[in-house]
Structure formats: structure tokens, C-alpha cells
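Colleague: What follows is a structure written as C-alpha cells; I'll ask about it next.
In mature numbering (1 follows the signal peptide of the UniProt record, and there is no 0), the protein residues as written are -20 to -1, 1 to 212.
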């Protein structure tokens, strides 16, 4: 009887030990990532008689990240990035295709993301969370055709020109970032390739009733390759 009890206790202990060994271990990762951005701007003139169209501009982002995986399939990510946003003006509908106008916005962005993944060595993941940004500079770039056009009354009375030469008035940006991708975990580190979309909720220009624009918010599609190493 005692022998059977000891054997039973041994088997139970072995089972518990095996369970403990299989228990998930949390991990910290630090990483560096970079990739292209394809940004545009949602611009809505206050006057319903005016319009303003933009198209995307390809630029760059890069930075560092910290990732904490606290539970199986769930973690958190915080990043500090240099991100280029902005837009090109779309003149196609105005028969002004020779005109070129580009406005670049340079930000330090800080996303805080929930990280959900599935898989082991190869993981598919989804990231989502808020993002804040601090603009430290902005710059306009034009060509001679645009400068000549702007120096004379515009051909179309329905096309808004108030923001040309107008620097961004609000330096703090905020919004939501969502992304998905795949991660390859290797002996020399982890490689995560991700596509993201950022929707800005703030405006870069004042939007009071008497201001020329009621909406001026960032829209960014981006791709990013991040290399992670295990910190501890």
C-alpha cells in the first residue's frame, strides 16, 4: 500500500514538474526597425465650395522598440521612431499636371501597441494601439510651374490655396495604429516584417469656424522590418 502511494506521489510530482517546465516564460526583446512610409493628408476646406485633393508621398521611418511578451500569444510593444509624413497636392482634376507641390512633416512618434501572435518559430501577429507624435520640422517643395501659377489668380475658383506657404500650426499629433505581419525566430535574433496603417485624429492646422480648413489629419501606410534580440 505504501509502495503504491509512493509511486502515485512520484508520478503526480513528475507530472507537476513537467507542467512547470512547459509553463510559459515571459520575455523582453529590444529591436531596431526601418522601412518606407506612404503618407497623405485628409484635408477638408471649411467652405463647401472649395476642394483640396492630396496624393501619397513615399518617405522613410526608423527607430527602436521594446517588446514584452507577458503571456502566451499576448504582449506589449513601445517604440520611439523618426517618421516622415506629409503629402503631395493632386492637381490632376484642375488641368495643372505640370504643378508640383510637396509638404514634408518630420515627427518623433511613440506608438504603444498590444501585440497578439500565433505560432512558434514562424509567427503571424497583429498589433494595434494609440500613437502620439511630436513634429519638429516641416518643409515645402515646389517647382517653377507651381510658383508661377500661385503668383497669379488660380484658374479654378473652387480650388483652395490657403495652405500654400503655411507652416503646420499644431505640433502634437495623435491617432491609432494597426498592423499585421510575420516574424521569423532564429538563433541570431528575430526578424519581423509588418505592414501598418496610421489614422491621425488630430489636425496640423487650426480648425476653428473662421479658419480655412476644418480637417487636416495624417494618413500613413507603412512597411517595417524590425530585428529583435532577447534582452532577458
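Don't be surprised by glycine CBs; every beta carbon is placed ideally from N, CA and C.
Would DSSP call residue 1 helix, strand or coil?
Modeller: Because the pLDDT at residue 1 is just 46, under 50, the model does not fix this residue reliably, and the point stays unresolved.
Colleague: Mind checking whether residue 4 and residue 52 have CB atoms under 9 Å apart?
Modeller: A contact, by the Cβ cut-off of 9 Å.
Colleague: Does the beta-carbon distance from residue 108 to residue 155 come in below 9 Å?
Modeller: No; because the gap between Cβ atoms is not below 9 Å, this pair is not in contact.
Colleague: Is the segment 144 to 159 in contact with the segment 184 to 195, if contact means three or more CB pairs nearer than 8 Å?
Modeller: Yes, the segment 144 to 159 is in contact with the segment 184 to 195.
Colleague: Would you mind stating whether residue 142 and residue 25 have Cβ atoms separated by less than 9 Å?
Modeller: Yes.
Colleague: Between the segment 57 to 72 and the segment 87 to 107, can you find at least three pairs of beta-carbon atoms closer than 8 Å?
Modeller: Result yes; three or more Cβ-Cβ pairs closer than 8 Å.
Colleague: Taking residue 181 as part of the alpha helix (DSSP H), name the residues at either end of that continuous run.
Modeller: Taken as a continuous stretch (DSSP letters only), residue 181 belongs to no alpha helix (DSSP H), as it is neither H nor E.
Colleague: For residue 6, collect the residues of the same chain with a Cβ closer than 8 Å to its Cβ; drop the 5 residues on either side in sequence, then sort them by chain order.
Modeller: So the qualifying residues of the chain are 48, 49, 50 and 51.
Colleague: Leaving aside the five residues before and after residue 174 along the sequence, list all residues of the same chain whose C-beta is less than 6 Å from its C-beta, in chain order.
Modeller: Only 159, 161 and 204 meet the Cβ criterion.
Colleague: Kindly indicate which three-state DSSP category residue 211 falls into: helix, strand or coil?
Modeller: Coil, per DSSP.
Colleague: On the DSSP bridge assignment, give the partners of residue 63 in chain order.
Modeller: Note: residue 63 sits in a beta bridge opposite 41 and 87.
Colleague: So, with DSSP's three-state summary, where would you put residue 165?
Modeller: Reduced to three states, the DSSP call for residue 165 is strand.
Colleague: Would residue 79 and residue 131 be called neighbours here (beta carbons separated by less than 9 Å)?
Modeller: For residue 79 and residue 131, no; Cβs fall outside 9 Å.
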